[in-house]
Each structure stands twice: as structure tokens, then as C-alpha cells.
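Since the structure comes first, as C-alpha cells, the remarks are kept for the end.
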DNA sequence: GTGCCCAATTTGGGATCCAATCAAGTACAC
DNA sequence: GTGTACTTGATTGGATCCCAAATTGGGCAC
């Protein structure tokens with residue numbers, strides 16, 4: 424439809440669904456079901472799944488099916504380690520290359536992210552769970568970093584960093600609470616620091632800040648996962664007492 | 424045959440052929456031809472190709488075919504930048520984790536690589552072109568680094584670094600000559616320096632050395648490519664005068 | 001030489017079909 | 001009741017045949 428082959432379209436659509444949490448980790452993807460859903464035969468579906476498998480988003484379990492990968496805590500931490508490394512490199516490379524318009528774009532992305540962070544925290548305090556807001560928030564975060572990738576203009580880094588970034592699932596992000604506000608706002612503030620270092624033409628400074636920022640994002644995600652896990656345990660406990 | 428599905432087997436076989444230079448960059452892979460070659464139908468062949476495409480080894484050109492990617496100088500340089508970054512991280516992580524047996528293994532790999540480097544340089548001086556030797560040499564180089572990856576025990580880093588490493592094609596490596604000996608032996612010596620830093624339990628030192636080593640490997644490869652290009656120009660000039 | 005049209009390939013994809021495999025249930029022995 | 005073997009149903013991996021659309025490489029007129 425949009426562009427290229429059906430297999431590509433399906434792969435992209437599935438990728439979106441998986442990253443956004445619409446299809447939860449651990450699910451088994453039935454070929455026939457997908458072929459109905461996308462109104463195609465099994466052939467392009469299977470090709471799309473092969474692609475996702477190569478990207479590490481799903482795993483083939485021969486004769487049993489394709490399962491959406493479930494990442495362990497270790498794997499998530501590793502993904503942030505890798506991202507920290509790649510992103511600091513990208514930032515270093517991008518710094519001397521960024522013109523005024525790039526910096527303006529960066530500032531706009533920073534501002535949008537700030538707003539959404541505030542919204543997300545408020546919504547969360549109000550006890551609501553807004554998946555769409557969480558998705559936008561995550562998207563805004565990515566946008567900020569994408570400006571840097573685009574300026575660095577090293578496709579391989581961008582590809583790999585984005586691959587590592589797919590561990591950053593949307594789903595848990597409505598599950599915040601007062602005790603995480605600091606982490607959220609820290610995360611937010613770091614964007615500004617990075618931008619200022621870039622504007623000050625300090626590749627080394629920007630590099631160090633970018634690294635620290637990604638690692639700190641990782642700690643935020645881990646804190647959120649802990650919280651979700653704790654909530655799940657609580658729910659289970661209540662459930663079992665009924 | 425070996426393990427898993429046919430699509431996986433084919434993908435692995437093709438990957439080997441491409442990296443080893445048996446299938447040169449720029450070739451178009453015909454589905455029917457491959458299905459005859461591997462004695463299977465087009466179905467698993469196409470799935471294998473999708474996987475290779477996701478790994479970045481080939482590109483789908485809709486309705487025209489699948490082409491083995493041809494990397495530009497820029498892309499090759501970028502791949503080494505990324506590898507330098509990932510490898511220095513892996514080395515830092517691996518350093519405190521490596522036991523005596525790991526260090527022994529590393530030393531063995533280092534020694535084997537030294538021998539093959541000597542052989543490769545000698546063979547090259549004698550004017551012979553031994554593709555099999557070049558392949559072994561490259562394999563020995565990879566083995567050294569693989570010991571470190573294994574010790575670091577971070578699968579994501581390993582996967583990504585190996586993806587970046589596939590730019591390191593075997594083919595040009597018989598094309599050495601006297602003026603590259605220094606680079607070859609420098610490269611060789613750096614392995615020793617890295618191992619010694621690891622043995623001295625200096626993660627930061629090992630990290631810096633690993634980074635410098637990969638970047639220097641990149642310079643070696645670029646020098647080789649220049650040489651090959653120069654030879655090709657020469658050959659063309661002679662050819663055109665006939 | 002340039003432009004245009006046609007035929008041959010080749011791909012993307014659909015529709016069927018089948019063997020191997022696995023999950024789950026069932027029967028059976030103990 | 002528990003453990004084991006058998007049967008069954010669902011699903012996958014793959015083969016085979018099919019066809020429309022796109023690309024390519026001429027040939028042919030001009």
C-alpha cells in the first residue's frame with residue numbers, strides 16, 4: 424500500500440504494534456491470524472516475520488510458532504549500555520555539524536518533550552492510564568534524539584541505536600507515581616544540558632552528557648519496571664485472597 | 424540438515440559466501456538459481472533473503488531482485504567507528520571477568536594470529552594470492568576478539584559488533600605488499616597490548632587500547648582498499664591500451 | 001542515433017496441498 | 001491417584017503451481 428512490498432508493510436506495522444505494546448511480549452503470532460488481519464496470504468506474513476526475527480523483535484521456535492521476545496532485566500540494561508555508547512558517539516560526531524536550524528529543531532523537540540513529561544506525570548498522579556499519551560511522550564523523546572542522529576549523519580549508528588531502542592516499550596509508562604517524578608524531570612533536564620553543550624561546541628562535553636543521559640534513562644526504565652512488578656504482585660496477592 | 428529450518432540454513436550459508444567474498448558485492452541473487460543450488464523451493468530462499476536484508480547484507484530492489492550490498496568508503500569507515508565503540512565497551516566489561524583460562528585462550532588466539540599474519544605477508548611478497556589463507560587470517564583475527572566478547576557476556580554487544588564486522592570482506596586481503604607490512608604488524612602487536620592490559624586488570628587501559636586497535640584496523644583496511652583500487656586502475660589502463 | 005513497442009524474465013504474491021511436529025487430551029496400566 | 005503411552009487436532013515448514021505486474025533487452029521504425 425504505502426510503499427514497497429507487502430512483506431515490508433506488514434513488518435513495519437507489526438514492529439509498531441510490538442514496540443507500542445499493543446502486542447505484548449511473550450505473545451505467539453499465528454501466521455493464519457495475521458494473514459487474515461492484513462488481508463494477505465501466509466507468504467508475505469512469513470517473510471515479514473523473518474525480518475522481525477533478524478531484527479531481534481521476535482523469535483522463531485521451529486514448528487511451534489513465532490513469539491514476541493520477552494526481554495530480561497539484563498537484556499534491557501545491556502540495551503541501554505549499548506545505546507549510551509552509540510549515542511555518545513553520535514552526539515560527538517553531530518556537535519560540530521549542527522547548524523542553527525538544527526539547534527532550533529533540537530530546542531523545539533526538547534520543549535515538546537518537557538510538556539509531555541509534565542502531562543504524563545500529572546495524568547499519572549490523577550490515577551489515569553493514558554496509553555496514547557505515553558506513546559506520544561516516548562515518541563517525543565525519540566524525536567529529540569533523532570535530531571542528533573540526523574545531524575551526525577552516520578546511518579549505521581542510527582540503525583543500531585534504533586535497534587537497541589526498541590527495548591524501550593511504551594506499555595509500562597503510564598505506571599508512574601510520585602516517587603518517580605524526580606527521575607522523570609532529571610531525564611527531561613538532561614536534554615537541555617546536552618543541547619547547551621552542543622551549542623557551546625563542546626563535542627567531549629556533549630558526549631559525556633549524552634552517555635550519562637542514556638544511562639540515566641535506563642535507570643528510570645528499571646525503576647518503572649520495578650514499580651510495575653510490585654503492582655502486579657500486589658494485584659496477584661489481592662486476587663488470590665478472593 | 425544441520426539445525427532449524429531450511430531458511431535459516433540458507434541464510435547462514437549465503438552469509439558465509441558473501442562475507443568470504445565468494446559472492447562479490449553488487450551481484451544480483453536470483454531466487455530460482457538459489458533454489459536450484461540449495462535444492463529447495465523458492466519459499467525458504469525468499470525467507471532467507473529477507474533475513475539477510477534485515478541484517479543489512481543485501482538489499483531488496485522491488486521487482487528487480489536482491490543485490491549484495493556494496494559498501495562505500497564512508498560506510499566502511501562508519502562500521503569501524505561503531506565497532507571501535509562497541510569493542511571498547513566489551514573490552515572494558517570483559518576485563519574484570521576474565522579468568523586465567525580466558526587469558527590463556529586469548530594468548531593462543533593472539534599467537535595463531537601472529538603466525539598467520541607472518542604467513543600472509545610472506546605469501547603476498549612472493550606474489551601469490553591465497554584466498555584460503557586470507558580467510559584463515561581473518562578468522563583468526565575474529566577469534567581473538569570473540570574471546571573477549573565471550574568473556575564480556577553481553578549478547579547484544581556481540582551481535583551488533585559482529586554485524587558491523589561483516590563489512591570486513593576477505594577478498595581484498597591477498598592484495599598486500601611491502602608498504603603495508605608495518606600496518607599489518609602494528610595491528611598484530613596491538614593484540615598483545617590489549618591482552619596485557621586485561622591481564623594487568625586495567626579496564627580503562629584495555630578499553631582505550633581496544634578502541635585504538637579497531638580504528639587502526641580500519642585504517643589498514645582503507646589502505647588495502649586504496650591499493651586494490653590502484654591496481655584495478657593499472658589493470659584497466661593496460662587493458663585499454665590493448 | 002533516438003524513441004518506441006514488444007517479448008522474455010523475474011519478481012511479489014496467492015492458493016493448495018502435505019508431512020513433520022507439537023500440545024493437549026485421553027485411555028490405560030499400576 | 002499417578003505415571004505412561006497413544007490419539008487427535010492445530011500449526012508450521014515447505015513444495016508446487018499459478019498469475020499479474022514490473023523490469024529488461026532488444027528490435028524496429030524514423
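Chains as they are written, first to last, in this note's numbering: chain D, 424 to 665; chain G, 424 to 665. All residues carry an ideal CB built from backbone N, CA and C; glycine is no exception.
- Across the set D:610, D:437, D:652 and D:457, the C-alpha of D:610 shows the shortest separation from the C-alpha of residue 640 (chain D).
- According to DSSP, residue 545 (chain G) shares a beta bridge with no other residue.
- A Cβ-Cβ separation of about 7 Å places residue 448 (chain D) in contact with residue 494 (chain D) under the 8 Å criterion.
- For residue 498 (chain D), the neighbours in chain G by C-beta distance under 8 Å run, in chain order, 578 and 579.
- Interface criterion not met: the Cβ of residue 514 (chain G) is under 8 Å from no Cβ in chain D.
- Spanning the alpha carbons of residue 468 (chain G) and residue 454 (chain G) requires a straight line of approximately 7 Å.
- By the neighbour-count criterion, in which a residue is buried when 16 or more other Cβ atoms sit within 10 angstroms of its Cβ, residue 540 (chain D) is buried.
- For residue 505 (chain D), the uninterrupted alpha helix (DSSP H) segment begins and ends at 496 to 517.
- Within chain G, the residues whose beta carbon sits less than 8 Å from that of residue 478 (chain D) are 477, listed in sequence order.
- For residue 630 (chain G), not one C-beta of chain D is nearer than 8 Å to its own C-beta.
- With contacts defined by Cβ atoms closer than 8 Å, residue 452 (chain D) and residue 488 (chain D) form a contacting pair.
- Exposure of residue 482 (chain D) is indicated by the presence of fewer than 16 other C-beta atoms within 10 angstroms of its C-beta.
- One Cα belongs to residue 536 (chain G), the other to residue 514 (chain G), and the distance between them is close to 18 Å.
- With respect to chain D, the C-beta atom of residue 587 (chain G) has a partner C-beta closer than 8 Å.
- Closer than 8 Å at the C-beta level to chain D, one finds no residue of the region 602 to 621 of chain G.
- In the displayed model, residue 461 (chain G) falls within coil according to three-state DSSP, outside both helix and strand.
- If you check the CB distance, residue 629 (chain D) and residue 506 (chain D) do not come in under 8 Å.
- In the structure shown, residue 642 (chain G) adopts helical secondary structure according to DSSP, grouped into three states.
- For residue 488 (chain G), the enclosing beta strand (DSSP E) has its first and last residue at 488 to 491.
- Inclusion of residue 581 (chain D) and residue 580 (chain G) in the CB contact set at 8 Å is not warranted, their separation being larger than that value.
- Residues of the region 629 to 649 of chain D with a C-beta atom less than 9 Å from some C-beta of chain G do not occur.
- Against chain D, the beta carbon of residue 469 (chain G) has neighbours under 7 Å at 470, listed in chain order.
- A direct Cα-Cα distance of roughly 16 Å separates residue 607 (chain D) from residue 552 (chain D).
- In this structure, the alpha-carbon of residue 605 (chain G) lies about 47 Å from that of residue 435 (chain D).
- Shortest Cα-Cα distance from residue 470 (chain G) to any of G:499, G:503, G:446 and G:432 involves G:432.
- Judged by their CB atoms, residue 529 (chain G) and residue 567 (chain G) are nearer to each other than the 8 Å cut-off.
- Under DSSP, residue 484 (chain D) forms a beta bridge with D:488.
- Taking C-beta atoms as the reference points, residue 563 (chain D) and residue 520 (chain D) fail to come closer than 8 Å.
- For residue 485 (chain G) against residue 428 (chain D), the beta-carbon gap comes to about 6 Å, under 8 Å, which counts as contact.
- When the alpha-carbon of residue 492 (chain D) is set against those of D:517, D:538, D:633 and D:444, the nearest one is in D:444.
- The beta carbon of residue 438 (chain D) is closer than 7 Å to those of 475 and 480 in its chain, skipping five residues each way along the sequence.
- Proximity to residue 522 (chain G) across G:643, G:573 and G:647 peaks at G:573, based on C-alpha coordinates.
- Residue 452 (chain G) is bridged by DSSP to G:489.
- A residue is called buried once 16 or more other Cβ atoms fall within 10 Å of its Cβ, and residue 624 (chain G), having fewer, is exposed.
- Neighbours of residue 448 (chain D) in chain G, taken as residues at a C-beta separation under 8 Å, are lacking, since the least C-beta distance is about 16 Å.
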